[in-house]
Amino acid sequence: MTDPKIMSPFKYKFSTAISRPINENGYAKEIQVVKEYIDERKGNIILKNNYELTFKGSYSKWRGDICTTVETGSFTISEKGGKLNLVYRIQIDPAMVYLTAIGLTFLIIFHQAWFIGMPFIWLGGVNWITTLTRNNSMMYNIAFEIDKLSHNISPKPLT
Numbered sequence: 033m034t035d036p037k038i039m040s041p042f043k044y045k046f047s048t049a050i051s052r053p054i055n056e057n058g059y060a061k062e063i064q065v066v067k068e069y070i071d072e073r074k075g076n077i078i079l080k081n082n083y084e085l086t087f088k089g090s091y092s093k094w095r096g097d098i099c100t101t102v103e104t105g106s107f108t109i110s111e112k113g114g115k116l117n118l119v120y121r122i123q124i125d126p127a128m129v130y131l132t133a134i135g136l137t138f139l140i141i142f143h144q145a146w147f148i149g150m151p152f153i154w155l156g157g158v159n160w161i162t163t164l165t166r167n168n169s170m171m172y173n174i175a176f177e178i179d180k181l182s183h184n185i186s187p188k189p190l191t
């Protein structure tokens, strides 16, 4: 498991290797797995080709799910060192970072009454951490689904 690479407080990059053969014509089946997963989680697809899928999150109560706190996300399948990698880049909602910063500022300024900043830190910081954890987990779930394409794993019927 890899840690997210921090590009800024708002942008993160996750990546993992996937066990699929390298294909010069693109990865339509693999990207379709990603599309279905994002559609299920209420993301709005804005770009899809044989190598990449980009989506936007939505605050709509009708579309709320894991994509809610992600402003934009992008899945790319790329070759690195003779292996395929699934790379997931997200830009999270800045409100989470700003709320955490406001809470920390209150904590520093009003150190005698430190509890003033705690609601902001809780609201922003916990959502920030939850967003990163859930999106990293989602990337690994998608990679597992893509790997199942290679091994033709089908679910066994329950008896």
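Going by my numbering, the first residue of the sequence shown is number 33, and it counts up by one from there.
The C-beta atom is built at its ideal place from N, Cα and C for all residues, glycine as well.
Nothing here was measured: the structure is a model prediction, and the numbers come from that model.
Beta-carbon gap between residue i and residue j smaller than 8 Å
{"i": "V119", "j": "T108", "result": "yes"}
{"i": "I122", "j": "V102", "result": "yes"}
{"i": "K80", "j": "I54", "result": "no"}
{"i": "F87", "j": "M171", "result": "no"}
{"i": "T132", "j": "W160", "result": "yes"}
{"i": "F176", "j": "I124", "result": "no"}
{"i": "N76", "j": "Y59", "result": "no"}
{"i": "W51", "j": "S182", "result": "The question names Trp, but residue 51 in the sequence shown is Ser. Yes; because the gap between Cβ atoms is below 8 Å, this pair is in contact."}
{"i": "E165", "j": "M128", "result": "Going by the sequence as given, residue 165 is Thr instead of Glu. No, they are not a contact pair."}
{"i": "L155", "j": "W146", "result": "no"}
Sequence-distant residues of the same chain with beta carbon closer than 7 Å to residue i, five excluded per side
{"i": "I134", "result": "F152"}
{"i": "L190", "result": "The predicted position of L190 is uncertain, since its pLDDT is 44 and thus under 50; a value taken from the coordinates is nonetheless stated next. Here the set comprises nothing."}
{"i": "S40", "result": "none"}
{"i": "P126", "result": "F42"}
Cutoff 6 Å; reference residue i; Cβ partners in own chain excluding five residues on either side
{"i": "N117", "result": "S47, A49 and S110"}
{"i": "V66", "result": "L85, F107 and I174"}
{"i": "F142", "result": "I148"}
{"i": "I178", "result": "I50, E62 and V65"}
{"i": "G157", "result": "T132"}
Within-8 Å CB hit, residue i to chain C
{"i": "V119", "result": "Of the protein chains in this structure there is only one, and it is not chain C."}
- Query: Residue ranges of each alpha helix (DSSP H) run of no fewer than 4 residues wholly in the region 131–177, ordered along the chain?
  - Reply: Taken in chain order, the unbroken stretches of alpha helix (DSSP H) that lie wholly in the region 131–177 and span 4 residues or more are 150–153.
- Kindly provide the ranges of any beta strand (DSSP E) runs that are 3 or more residues long and lie completely inside the region 41–120, ordered along the chain. 43–50, 76–80, 84–88 and 102–112
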